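One structure below.
Residue numbers (our numbering): 207 to 348.
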């Protein structure tokens, strides 16, 4: 996952540890096959998390899905609800560190907290077209 390397701060202790682990063979950096990235993108679009996932997040999820399809048992450790949501939708195991984590797949809705107008999750607007308030998101009710 080359994009993960881009997120490690230069001149940090994390980078030193990461490079040592790669050199010792404890960590392998691998890019997922594009088919799995496409599956993850479609999955993220379906539940409304696509606009919040970075390319690094997509690669992480795609690699986990690829490893799962190879019969391995990948586990993602994250407190990011968008990553957890797409992982859950694809039956990829995850663990949260500082939060409780999600319990079910969440389908998101964008809305205006001032006038309560609802928008599709993939809307290009970041502000309400009626009153100009910044849009927020919340899970749709089941």
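Each residue gets a CB set at the ideal place from its N, CA and C atoms; glycine is no exception. In this text the structure is predicted, and so the values were computed from the model without any measurement.
Alpha helix (DSSP H) segment containing residue i, residue limits
i	result
residue 245	240-253
residue 315	Careful: residue 315 lies outside any alpha helix (DSSP H), inside the beta strand (DSSP E) at 314-317.
residue 294	287-295
residue 224	219-229
residue 274	261-275
Reference residue i, options the options, closest by Cα
i	options	result
residue 318	326, 302 and 341	341
residue 275	287, 344, 296 and 264	296
residue 303	321, 230, 223 and 281	281
residue 316	344, 308, 219 and 289	344
residue 328	219, 314, 308 and 283	314
residue 243	257, 235, 227 and 264	264
residue 272	236, 289 and 257	236
Rounded C-alpha distance that separates residue i from residue j
i	j	result
residue 212	residue 233	15 Å
residue 305	residue 287	9 Å
residue 240	residue 220	28 Å
residue 257	residue 330	10 Å
Proximity below 8 Å, CB of residue i to CB of residue j
i	j	result
residue 259	residue 250	yes
residue 336	residue 253	no
residue 224	residue 216	no
residue 293	residue 320	no
Cβ neighbour criterion (16 or more within 10 Å) applied to residue i
i	result
residue 326	exposed
residue 267	buried
residue 290	buried
Minimum Cβ-Cβ distance from residue i to chain D less than 8 Å
i	result
residue 321	Going by chain labels, chain D is absent from the structure shown, which holds only one protein chain.
First through last residue of the beta strand (DSSP E) which encompasses residue i
i	result
residue 148	Lying outside 207 to 348, the shown extent of the chain, residue 148 is not represented and no answer is given.
residue 344	342-345
residue 300	299-301
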